[in-house]
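Participant: Position in the sequence shown (from 1) plus 1155 gives the number in my numbering.
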Amino acid sequence: MLTEYILKKTLKNKKNYQNKYTREKIGYISGVIGLVVNLLLAGLKLIIGIIISSIAVTADAFNNLSDAASSVMTIVGFKLSNTPPDKNHPYGHGRLEHITTLTIAILIMFVGFQFIKSSFDRILDPKPIEFRLILFVFLLLSIVVKIWLSFFNKNLGKKINSNALRAVAIDSLWDVLVTSIVTLSLLLSFVTDVPIDGYIGVVVAIMIFYSGFTLIKDAVSELIGEAPSEDLIENIAQGVLSYENILGVHDLKVHQYGAGKTMATIDAEIPPDIDVVTIHNTIDQAEREIGEKYDIDLVIHMDPIGLETETRERIIKEIREKLKDNYLINTLHDFNIIEKDNYKYIIFDVSLDGNKIGKNFSEEEFKNDLIEVIKNIDEDFYCKINIKIDYQDIIR
């Protein structure tokens, strides 16, 4: 396979694709190959477009030229994203990769907008297109090259988990479709005198514009912060639970600062009577081993559960039973019952499913309803309820 051959020659059998230096190298490989291929295609298509006077072919040429600029941005983006942390950016510069994707997308949309205008001008002032077999064959060849380039970047994107390279791969597939339409218009010019070039140019330009819009949407979503994968959530939770004296986990939060810089925190329930030094050593070991395994900075918060008494067990069981049919509740946890100044307090956390909460939801009303349920169990209790709205539930 050509992709593996290129990687073998350039990386010298280095297989740690998540290493930042390897990622930078792969980004550089993708950018250089994309730059060379797109500059060649753009130059030749521009010549073809001028020779046969086709706005559609010329639009496709400038589309390839924007791809060449995108390749330069890919090289620069990977280089900058691996810049070491500094005083103003203590978590590194990994999100610059997303900004690179955003810049590429804006450039693509600009090209699309420009050729929508040019294509309408051609519709108003049509010009005949001269069919030439050698030019038609070249367009077919460029389709094959772009298909290979798309799969090449898709494979690289998978290896290093890069949305920037996935964006480049998707853009190459759009190029395949665009060039296919242009090639079809050239073929139709051979059999009809209808001036379809301008209309084909509009279709091509709209597709280019839509491709840029889709990439902008994805890049902005990444910059805002997307939910971690279900696999990562499950792996962290099960990993922490695998250590001795960890009774349960909840409240996992994952923050991503670009590829290779992921931070996570999780609460681990521990026995209330365990030796502090013993459990601290266990937590340290879990943070280190799980962090190295999944390439994350993991912080585990120790959460001692209350001593089980008959009263505590009965009350918690009744609360769970009363609330088990509430479709908004994911989990109830961190129960604590204390007596202070002749008052009894019950304290616990409630995790709500954010995907089921409606626009008219009132947290205050929901909390009051919970307090009413608890008062019906024991009217002497004062309640302190912490409500959390989660979109991915984690508790074991």
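Glycine is no exception: its CB is placed at the ideal position from the N, C-alpha and C atoms.
Just so you know, these numbers come straight off a predicted model, no measurement behind them.
Closest to Ala1392 by C-alpha separation, out of Val1454, Glu1381, Trp1303 and Gln1411, would be which residue?
Facilitator: Considering only alpha carbons, the answer is Val1454.
Participant: I'd like the list of long-range same chain contacts for Ala1224, defined as Cβ closer than 7 Å, with 5 residues on each side in sequence excluded.
Facilitator: The residues are Leu1262.
Participant: Which term fits Glu1389, buried or exposed, when burial requires 16 or more other beta carbons within 10 angstroms of its beta carbon?
Facilitator: Exposed, by the Cβ-count rule.
Participant: Three Cβ pairs or more, each shorter than 8 Å: is that satisfied between the stretch 1476 to 1487 and the stretch 1523 to 1540?
Facilitator: Touching, yes, given that three or more Cβ pairs across the two stretches are closer than 8 Å.
Participant: By a C-beta neighbour count over all protein chains shown, 10 Å radius and 16 as the cutoff for buried, is Arg1443 buried or exposed?
Facilitator: Its Cβ having fewer than 16 others within 10 Å, Arg1443 is exposed.
Participant: May I ask you to report which of helix, strand or coil DSSP gives Phe1516?
Facilitator: Coil, per DSSP.
Participant: Exposed or buried, Lys1200, counting other C-beta atoms within 10 Å across all chains shown (16 or more means buried)?
Facilitator: With 16 or more other Cβ atoms within 10 Å, it is buried.
Participant: For Arg1277, I'd like the list of residues in its chain whose CB is within less than 7 Å of its CB, leaving aside the five on either flank, ordered along the chain.
Facilitator: If we look at Arg1277 and ignore the five residues flanking it on each side, its Cβ neighbours are Ile1210, Asp1352, Gly1353 and Gly1356.
Participant: Are Lys1499 and Asp1452 touching if we call contact CB-CB under 8 Å?
Facilitator: Not in contact: Lys1499 and Asp1452 (Cβ atoms no closer than 8 Å).
Participant: Let's see if you can read the secondary structure: which residues bound the beta strand (DSSP E) around Val1409?
Facilitator: It spans Gly1403 to Gln1411 - the beta strand (DSSP E) in which Val1409 sits, taken as one unbroken run.
Participant: Excluding the 5 residues preceding and the 5 following Val1359 in the sequence, name in chain order all residues of the same chain whose CB lies nearer than 8 Å to its CB.
Facilitator: Closer than 8 Å at the Cβ level, and outside the excluded window around Val1359, lie Ala1211, Ala1214, Asp1215, Asn1218, Phe1270, Ser1274, Val1333, Ile1336 and Val1337.
Participant: With Val1323 and Asn1308 assumed to form a contact (beta carbons below 8 Å), what rounded beta-carbon distance in angstroms separates them?
Facilitator: Contact holds; Cβ gap of about 5 Å.
Participant: Please go through the same chain and pick out, in chain order, the residues whose beta-carbon is closer than 6 Å to the beta-carbon of Thr1153, but skip the five residues on each side of it.
Facilitator: Since the first residue of the chain shown is 1156 and the last is 1551, residue 1153 is not available in this structure.
Participant: Taking Asn1390 as part of the alpha helix (DSSP H), name the residues at either end of that continuous run.
Facilitator: Glu1385 to Leu1396 is the span of the alpha helix (DSSP H), which, as asked, contains Asn1390.
Participant: Return helix, strand or coil for Thr1238, following the three-state DSSP convention.
Facilitator: The answer is coil: DSSP assigns Thr1238 none of H, G, I, E or B.
Participant: Just how far apart, CA to CA, sit Ile1361 and Phe1268?
Facilitator: Straight-line Cα distance between these residues: approximately 8 Å.
Participant: Have a look at Val1395 and Tyr1183 and give me their C-alpha separation to the nearest angstrom.
Facilitator: If I take the Cα positions, the gap works out to 37 Å.
Participant: Buried or exposed: where does Phe1516 fall if 16 or more other Cβ atoms within 10 Å of its Cβ makes it buried?
Facilitator: It is exposed - the Cβ of Phe1516 has fewer than 16 other Cβ atoms within 10 Å.
Participant: What are the residues that DSSP puts in a beta bridge with Asp1452?
Facilitator: DSSP, once it has assigned bridges, lists Met1418 as partnering Asp1452.
Participant: Could you tell me whether the stretch 1466 to 1477 touches the stretch 1420 to 1438, where touching means 3 or more Cβ pairs closer than 8 Å?
Facilitator: No, the stretch 1466 to 1477 does not touch the stretch 1420 to 1438.
Participant: Let's see if you can read the secondary structure: which residues bound the beta strand (DSSP E) around Asn1316?
Facilitator: That residue, Asn1316, is in no beta strand (DSSP E); it is neither H nor E in DSSP.
Participant: Taking the alpha carbon of Glu1399 as the reference point, which residue from Glu1424, Ala1419 and Val1375 has its own alpha carbon closest?
Facilitator: Among Glu1424, Ala1419 and Val1375, the Cα nearest to that of Glu1399 belongs to Glu1424.
Participant: Run through the DSSP bridge pairs and tell me what Ala1423 is partnered with.
Facilitator: Beta-bridge pairing links Ala1423 to Val1404 and Met1457.
Participant: Could you check the C-alpha separation between Asp1450 and Ala1419 for me, to the nearest Å?
Facilitator: About 11 Å.
Participant: Taking the straight line between their C-alpha atoms, what separation do you get for Ile1460 and Asp1489?
Facilitator: Each residue's Cα considered, the two are about 7 Å apart.
Participant: Exposed or buried, what is Glu1519 when buried is set at 16 or more other beta-carbons lying within 10 Å of its beta-carbon?
Facilitator: Exposed is the call here.
Participant: Any idea if Asp1222 is buried or exposed, counting beta-carbon neighbours within 10 angstroms, 16 or more meaning buried?
Facilitator: That one is buried.
Participant: Pull up the distance between the alpha-carbon of Asn1316 and that of Ile1492, whole angstroms please.
Facilitator: Asn1316 and Ile1492: Cα-Cα distance of roughly 46 Å.
Participant: Once DSSP output is grouped into helix, strand and coil, what is the label at Asn1485?
Facilitator: Residue state, collapsed to three classes: strand.
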